[in-house]
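In the working numbering, the protein residues as written are 4 to 162.
Written as structure tokens, this is what we have:
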């Protein structure tokens with residue numbers, strides 16, 4: 004099992020949106036960066052755990068937890084001319100973009116802000132806190148993942 008941080012803008016897709024999705028499950032579509040795409044396509048596996056991060060909000064924060072329930076598959080929205088994630092260069096025979104399905108696990112009763120994350124020396128080295136740590140999908144060490152879950156008082160702490 005691996006641990007990840009997925010960034011999303013809460014006015015586009017929030018943890019509440021995921022929690023209210025059918026079966027509390029939704030595709031994580033629309034990733035259009037190659038580094039994040041490579042994680043979706045090659046490394047993220049079923050049962051991997053996700054820190055659900057709200058960016059482009061004040062303050063940016065870790066909002067809760069999700070789990071990968073379907074491994075990477077072509078992002079079919081890239082082929083739909085009417086969809087906001089359409090990419091005319093993407094070929095269905097050799098897809099450029101991928102997505103995974105994620106399932107809601109928990110909304111933190113106390114979101115953990117970026118500022119608070121930065122204040123904890125135990126999180127030194129976390130990709131999110133590094134200069135240039137802008138990827139929308141980032142690996143998180145198991146130690147950092149557990150530490151953040153404890154800070155938030157997570158009820159569904161992983162093993």
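Glycine is no exception: its CB is placed at the ideal position from the N, C-alpha and C atoms.
Every value quoted in this text rests on a predicted model; they were computed, and no experiment measured them.
Residue 8 - partner residues in DSSP beta bridges:
Here the question's residue 8 lines up with position 5 in the chain shown. DSSP lists 54 and 141 as the beta-bridge partner residues of residue 8.
For residue 70, list the residues DSSP reports as bridge partners.
Locating residue 70 in the chain shown gives position 67, counting from the first residue. For residue 70, the pairing in a beta bridge is given by DSSP as 52 and 106.
Does the region 7-14 come close enough to the region 138-146 to have 3 or more Cβ pairs within less than 8 angstroms?
The region 7-14 and the region 138-146 touch, with no fewer than 3 CB-CB distances between them shorter than 8 angstroms.
From residue 147 to residue 116, what does the alpha carbon distance come to, in whole angstroms?
Position 144 of the chain shown, counted from the first residue, corresponds to residue 147. Position 113 of the chain shown, counted from the first residue, corresponds to residue 116. The alpha-carbon separation between residue 147 and residue 116 amounts to approximately 15 angstroms.
Would the region 57-68 count as touching the region 23-38 if we require 3 or more Cβ pairs under 8 angstroms?
Short answer: they don't touch.
Three or more C-beta pairs under 8 angstroms: does that hold for the region 120-136 against the region 90-106?
Between the region 120-136 and the region 90-106, the count of C-beta pairs closer than 8 angstroms stays below three; the two stretches do not touch.
Does any residue of chain D have a CB that is nearer than 8 angstroms to the CB of residue 143?
Absent from the structure is chain D; it holds one protein chain and no more.
Looking at the strands, I want to know which residues DSSP matches up with residue 29.
Taking the chain shown and counting its residues from 1, the one referred to as residue 29 is at position 26. Partner(s): 105.
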